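Asks:
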Amino acid sequence: FRRYSAARVLQELFSFEHIRDSEPAWKAISPLFEMLNTTLDSEREAALTALVKLTMGKSPRPDILNRLEGNPLETMYKILSADSSSPESKTSAARICAFIFTNERLRESSSAADCVVPLLSLIRSGTSTAVEAGMVALDKLLDSKKYSEVAEGHDCVNLFFGFVASGNYMISEAAISCLVKMAKDKTPRKIDLIKMGIIEQCLGQLATYPPSSLCSEIAELFRVLTNVGSVARSQEAIKMVQPLLLILLRQDLDFQGQLGG
152 FRRYSAARVL
162 QELFSFEHIR
172 DSEPAWKAIS
182 PLFEMLNTTL
192 DSEREAALTA
202 LVKLTMGKSP
212 RPDILNRLEG
222 NPLETMYKIL
232 SADSSSPESK
242 TSAARICAFI
252 FTNERLRESS
262 SAADCVVPLL
272 SLIRSGTSTA
282 VEAGMVALDK
292 LLDSKKYSEV
302 AEGHDCVNLF
312 FGFVASGNYM
322 ISEAAISCLV
332 KMAKDKTPRK
342 IDLIKMGIIE
352 QCLGQLATYP
362 PSSLCSEIAE
372 LFRVLTNVGS
382 VARSQEAIKM
392 VQPLLLILLR
402 QDLDFQGQLG
412 G
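So the sequence shown is numbered by my numbering: it starts at 152 and just counts up by one.
(1) Tell me the start and end of each unbroken alpha helix (DSSP H) in the region 261 to 297 that is at least 4 residues and wholly inside, in chain order.
(2) Could you name each continuous alpha helix (DSSP H) segment of 4 residues or more that falls completely within the region 159 to 201, going from the start of the chain to the end?
(3) Nearest by alpha-carbon distance to residue 308: which of 381, 350 and 344 is it?
(4) Spatial neighbours of residue 216 within its chain, please: CB distance less than 7 Å, with the 5 preceding and 5 following residues excluded, ordered by chain position.
(5) Can you find the residues in the same chain that come closer than 6 Å, C-beta to C-beta, to residue 197, ignoring five residues on each side of it along the sequence?
(6) Would you mind listing the beta strand (DSSP E) stretches within the region 306 to 369 that are 3+ residues and don't spill past its ends, in chain order?
(7) Taking 6 Å as the limit between beta carbons, can you name the residues of its chain near residue 169, skipping five residues before and five after?
(8) Please report the Cβ distance between residue 289 and residue 270, rounded to the nearest whole angstrom; I am assuming they are in contact, meaning their Cβ atoms lie under 8 Å.
(9) Could you give the distance in angstroms between the alpha-carbon of residue 369 and the alpha-carbon of residue 327?
(10) Could you compute how far the alpha carbon of residue 395 sits from the alpha carbon of residue 153?
(11) Using CA coordinates, which residue listed in 211, 212 and 246 is at the minimum distance from residue 228?
(12) Rounded to the nearest angstrom, what separates residue 408 and residue 202 at their Cα positions?
(13) Verify whether the separation of the beta carbon atoms of residue 230 and residue 279 is less than 9 Å.
(14) Buried or exposed: residue 235, going by 16 or more other Cβ atoms within 10 Å of its Cβ?
(15) Which residues in the same chain have their Cβ closer than 7 Å to the Cβ of residue 301, if we skip the five residues on either side of it in sequence?
(16) Near residue 165, what residues of its chain come up, given a Cβ to Cβ distance below 7 Å and the 5 sequence neighbours on each side ignored?
(17) Assign residue 400 to one of three DSSP states: helix, strand, or coil.
(18) Within the same chain, show all residues whose beta-carbon is closer than 8 Å to that of residue 211, passing over the 5 residues directly before and after it, in chain order.
(19) Leaving out the 5 sequence neighbours to the left and right, which residues in its chain are closer than 7 Å to residue 392 when beta-carbon positions are compared?
(20) Can you have a look at residue 214 and say buried or exposed, based on whether 16 or more other CB atoms are within 10 angstroms of its CB?
(21) Report buried or exposed for residue 298, applying the criterion of at least 16 other Cβ atoms within 10 angstroms of its Cβ.
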């Protein structure tokens with residue numbers, strides 16, 4: 152009961168940015184991960200929620216993970232793949248995975264590869280919060296090129312393409328980012344995406360005046376696509392010009408977006 156109460160208090164404290172981003176707050180990460188191995192559902196749920204709040208701050212500390220005993224992804228995999236885990240627990244685990252995957256050593260581990268299938272199952276569940284958590288986690292995982300081949304083997308191009316025009320901008324942004332990483336060095340994949348209609352899908356998103364982060368991702372996608380000479384000279388490229396100019400005029404656009412535009 153004491154551990155449960157402590158985790159609940161940490162949940163509340165981590166709601167405040169100045170506490171969440173402080174050095175003392177990150178000392179809680181080890182005992183919270185240890186709590187995930189408990190047999191008590193209430194304690195595990197409390198620890199998961201506290202970890203989600205801690206790791207979703209503006210100043211995450213993936214280096215802290217190197218101090219933990221063992222590989223925290225093994226615990227995440229158990230939660231993600233267990234039939235007994237609630238949808239909420241799996242969603243929380245996916246959000247924590249997104250943080251863990253920013254640690255290169257852990258991202259390259261076999262435990263990270265094990266998480267691919269349950270994360271895809273979460274995305275295919277169709278629940279918006281679960282899809283978002285799974286997509287963001289896989290986007291971080293794809294920072295390692297070797298996972299592009301794994302994703303190809305699970306028909307992820309079609310899966311991710313289906314979320315490009317999502318009304319949830321975070322899902323759309325993560326889906327486009329994943330497709331950029333999978334197509335970056337593959338001309339045939341770029342041509343396939345164009346034939347599937349990705350330019351039209353992205354232009355449709357831009358027409359809704361989405362957040363600048365999504366605009367940046369679309370600009371990066373267009374940059375990657377037009378690296379193919381035949382695409383840059385095509386009618387498809389002409390369609391990109393006016394929307395890209397409008398993106399560049401946005402005052403809230405970050406450097407990546409300006410570079411892509």
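Idealized CB from N, CA, C, for every residue including glycine.
For clarity, every value in this text was computed on a predicted model and none was experimentally measured.
Replies: So, to answer that:
(1) 261 to 265, 267 to 274 and 279 to 292
(2) 168 to 171, 174 to 177 and 180 to 186
(3) The residue with the shortest Cα to Cα distance from residue 308 is 344.
(4) 223, 251, 254 and 257
(5) Scanning its chain for C-beta atoms nearer than 6 Å, with the 5 sequence neighbours on each side dropped, one finds around residue 197 the residues 155, 158 and 159, in chain order.
(6) none
(7) Within the same chain, residue 169 has no close Cβ partners at all.
(8) 6 Å
(9) Spanning the two alpha carbons is a distance of roughly 7 Å.
(10) 55 Å
(11) 246
(12) Note that residue 408 scores a pLDDT of 47, beneath 50, so its modelled location is shaky; the value from the coordinates is reported in the next line. Answer to the nearest angstrom: the Cα atoms are 31 Å apart.
(13) no
(14) exposed
(15) 264 and 267
(16) 171, 176, 201, 204 and 205
(17) Three-state DSSP puts residue 400 in coil, outside helix and strand.
(18) 250 and 253
(19) none
(20) exposed
(21) buried
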